[in-house]
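What follows is a single structure, written as structure tokens, with notes after it.
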Amino acid sequence: MRLSARVIGFTAAMLFHPWALAVETLPQHWVSAGGALTEWVVAMGGEGKLVGVDTTSQHPDSVKALHSIGYQRALSAEGILSLAPRPDILIGTEEMGPPPVLQQIRAAGVGVEMFDSKPELPTLQANLLHLGRLLGDEAHAGQLFDDYRQQLARHQAWVRQAEAQHPAPGVILMLGHMGAKPLVGGPGTVADWMITQAGGHNLATQPGYKNFSTEVLAALDPQVIVFADRTLSGNAAIAALLKDNPALANTRAVKDKRIVQVDPTLLVGGLGPRLPASLGSLSQAFYPDAKPVQ
Amino acid sequence: MRPMLAPRILFIGLGGLCLLATWLSLALGPVSLPLLDTLRAGLHLAGLPLSGQGLEQAEMILGQIRLPRTLLGLAVGAVLALAGVAMQGLFRNPLADPGLVGVSSGAALGAAVAIVCGSALGGLPSFLEPYLLSACAFLGGLAVTALVYRLGRKDGQTSVAVMLLAGVALTALASSAVGLFTYLADDATLRTLTFWNLGSLNGASYQRLWPLLLIALGVALWLPRRAQALNALLLGESEARHLGIEVERLKRELVLCTALGVGAAVAAAGLIGFVGLVVPHLVRQVAGPDHRVLLPASLLAGASLVLFADLIARMALAPAELPIGIVTAFLGAPFFLYLLVRGRP
């Protein structure tokens, strides 16, 4: 009985424009395969609808208690269909896959909604409105986006003021694993977006995350190093970084002890809700003499 | 070496094992379907005039997810094991692996080119896109194997030793080219590449299945016809020639079967290690070296092993999924070590 109702609902969804639906036909059971998307769903009050998340969804802590559907690029159709209650919708970024599995999931009547993970505000706006429509609360989504934009705008104003007094520092962001072989974030990454928003000048010019030779790192001579370690945090992370990359010792950042840490989960899956708040500590490190961000 | 088991008993045992693996692969999965539903859905799908009432879910899972996956597992396991026998026969060495002639590394290179360049180029006609990776992997495997074979040939003779060395060199070359693509890849592409290298039967679909099924059928029908010739080759090349075997033709056929079979298997499911090495080796322990028994027995054992490994891959972390290459190596390597240690006087 429940199944046939679902079949009718699904057929109706195929007949009419998929998401121009009455509230009762909105997806009720969600699976999210994207860290930032999960955070946004929770921020919009949709946590109760989540039945499963992927391994990149680590925030807030409460979602770790949900079923794990594995890594976003290696999803299993049957695994997702086996969740109870059976999901109505799977959301994720374009990184989600493999594509044949997504086809199988669609064939089973579960909606698959792709979101763009480009770290740009217009993309974020479209994503949030899309999520809002699916959650049946577009107004709230619009509100969240406006808040986000205003927070960033306030921060921008502060950065411009600080920049007028001090030149923007040269920064690199390194993503490491216990200090070893860190990857440096270049244009097109959330890392680059964060540095720019916080008023830094990203010294890395190659797109994506790349391994840099220690010589190049020393030659870039960053004034500030932003470091995200997947396993360690605090002083242990910085000690590990310096131990494994002795060439950094001669950079201005290390000599002046200007190493800031960020949470590596901020860097995954596009712009997340926690980013604006994290910009404050970055900017503080970029412009130590300027007045704190209010 | 005398067989431990009479061939008839061996075939009954392995056939039963393979049927059991097939049944379990169809009946078990993260979605728990009642046994009766699985049966009814299966019979309904097979076209029997039963009522399909209330079975939509079961039929979808069985027909669209488990059946293609099971067929893929059967074909991949069978073909990898047969190719293993062919290579161990060709090199007259029980440690030979289908990877020796460069087919796996060539396929990996093809896949790396497809994954990295495909994401860089972006715009491919959408009907081609799903086939790009498989086609590149298949062609890469064929191309490297053809080169290895060509390098081993001199004056109309194929030197197995030269082929072996050429295979080692080209494998190293291909891996370093894969390494280069790995370096060029961005983070997301890198992950795809890593997962592809671990193999998976996940997301099997009929469109991508049929080329492999055809090739697997061809290899499975062809190789056993050459069992006597492979037996003769065990004595040595010149001995085989004196027994009236066209050794050059046999070598060509063995290399071709391996390249086509393993190339297609890797193209469909990624790199699944250890099956081609361990299965023929194990089967030889119980069945003896006669290829008339060894070939079909390896086919059954390989198919069963891959299906059982896939069951673990899909069940162990449900609702998430393990790459099957991890499972086959986890099962295969310790068992292989045990055999090595036990075999020592």
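Protein chains in written order, with the working numbering: chain A, 15 to 308; chain B, 3 to 347. For glycine and all other residues, C-beta sits at the position ideal for the given N, C-alpha and C. Keep in mind that this is a model prediction, so the values were computed, not measured.
With distances taken between CB atoms, is the gap from A:Gly-84 to A:Ser-90 smaller than 8 Å? yes
Given A:His-43 as reference, the closest of A:Glu-108, A:Leu-148 and A:Ala-79 once Cα atoms are compared: A:Leu-148
Looking only at its chain, what residues have a beta carbon closer than 6 Å to the beta carbon of B:Ala-98, apart from the 5 residues adjacent to it on each side? Met-89 and Gln-90
Do you know whose CA, among A:Asn-141, A:Lys-195, A:Ser-292 and A:Pro-221, lies nearest A:Asp-258's CA? A:Lys-195
Please list, in chain order, all residues of the same chain as A:Trp-207 whose beta carbon is under 6 Å from its beta carbon, the five residues on each side excluded. Pro-133
Could you check the C-alpha separation between B:Pro-100 and B:Arg-155 for me, to the nearest Å? 19 Å
Quick one: which residues of the segment 321-345 of chain B get their C-beta closer than 9 Å to a C-beta of chain A? List them in chain order. Pro-321, Ala-322, Glu-323, Leu-324 and Pro-325
Using a 10 Å radius around the Cβ and a threshold of 16 neighbouring Cβ atoms, would you call B:Tyr-208 buried or exposed? exposed
For the beta strand (DSSP E) containing A:Val-185, list its first residue and its last residue. 184-191
What is the DSSP secondary structure of A:Ile-239, counted as helix, strand or coil? strand
Please list the terminal residues of the continuous alpha helix (DSSP H) segment that includes A:Lys-269. 266-269
For the segment 172-191 of chain A, list every residue whose C-beta sits within 7 Å of some C-beta in chain C, in sequence order. The structure shown contains no chain C; its protein chains are A and B.
Between B:Ile-314 and the rest of its own chain, which residues show a CB-CB distance below 6 Å, the 5 nearest in sequence each way excluded? Val-329
Across the segment 91-109 of chain A and the segment 236-250 of chain A, are there enough close Cβ pairs to call them in contact, namely three or more that are closer than 8 Å? no
Using DSSP's beta-bridge definition, name the partner residues of A:Ala-47. A:Gly-106
Just by C-beta distance, which residues in the segment 31-45 of chain B are closer than 9 Å to chain A? Gly-31, Pro-32, Val-33 and Ser-34
Euclidean distance between Cα positions of B:Gly-334 and B:Val-280: 7 Å
Measure from the alpha carbon of B:Ala-148 to the alpha carbon of each residue in B:Val-118, B:Leu-135, B:Ala-109 and B:Gly-44, then state which is nearest. B:Ala-109
Within 8 Å, do at least three Cβ pairs link the segment 286-305 of chain A to the segment 210-229 of chain A? yes
DSSP on A:Gly-66, reduced to helix/strand/coil? strand
Leaving out five residues before and five after A:Tyr-162 in sequence, what residues of the same chain have Cβ atoms less than 6 Å from its Cβ? none
Sequence-distant residues of its chain with Cβ nearer than 7 Å to B:Leu-141 (five each side left out): Gly-112
Backbone CA spacing between B:Phe-197 and B:Leu-339 [nearest angstrom]: 26 Å
Name, please, each residue of chain A whose Cβ falls closer than 7 Å to the Cβ of B:Asn-199. Residues of chain A passing the Cβ test: none, with the nearest at roughly 12 Å.
Quick test of your reading: A:Ala-57 and A:Leu-285, contact by CB under 8 Å. State the CB separation rounded to the nearest angstrom. About 12 Å; that fails the 8 Å criterion.
Does any residue of chain A bring its CB to less than 8 Å from the CB of B:Met-62? yes
Please classify B:Met-317: does DSSP put it in a helix, a strand, or coil? helix
What residues of chain A sit near B:Gly-205, judged by a beta carbon separation below 9 Å? Leu-89, Ser-90, Ala-91, Gly-111, Pro-112, Pro-113, Pro-114, Val-115, Leu-116, Gln-117 and Gln-118
Output, in chain order, the set of chain A residues within a Cβ distance shorter than 7 Å of B:Leu-319. Gly-84
Through-space distance from B:Leu-203 to B:Asp-312, alpha-carbon basis: 7 Å
Quick check: is the beta carbon of A:Ser-71 nearer than 8 Å to any beta carbon in chain B? no
If distances are taken between C-alpha atoms only, which option among B:Ala-206, B:Val-118 and B:Leu-252 comes closest to B:Arg-193? B:Val-118
For B:Val-164 and B:Leu-214, what's the separation of their Cα atoms in angstroms? 30 Å
Since B:Leu-28 contacts B:Thr-72 with CB under 8 Å, what's their CB separation in whole angstroms? 6 Å
Just to confirm the assignment, what range does the alpha helix (DSSP H) spanning B:Ala-253 have? The question names Ala, but residue 253 of chain B in the sequence shown is Lys. 249-271 is the extent of the alpha helix (DSSP H) around B:Lys-253.
Whole-angstrom distance between A:Gly-125 and A:Asp-102, CA atom to CA atom: 6 Å
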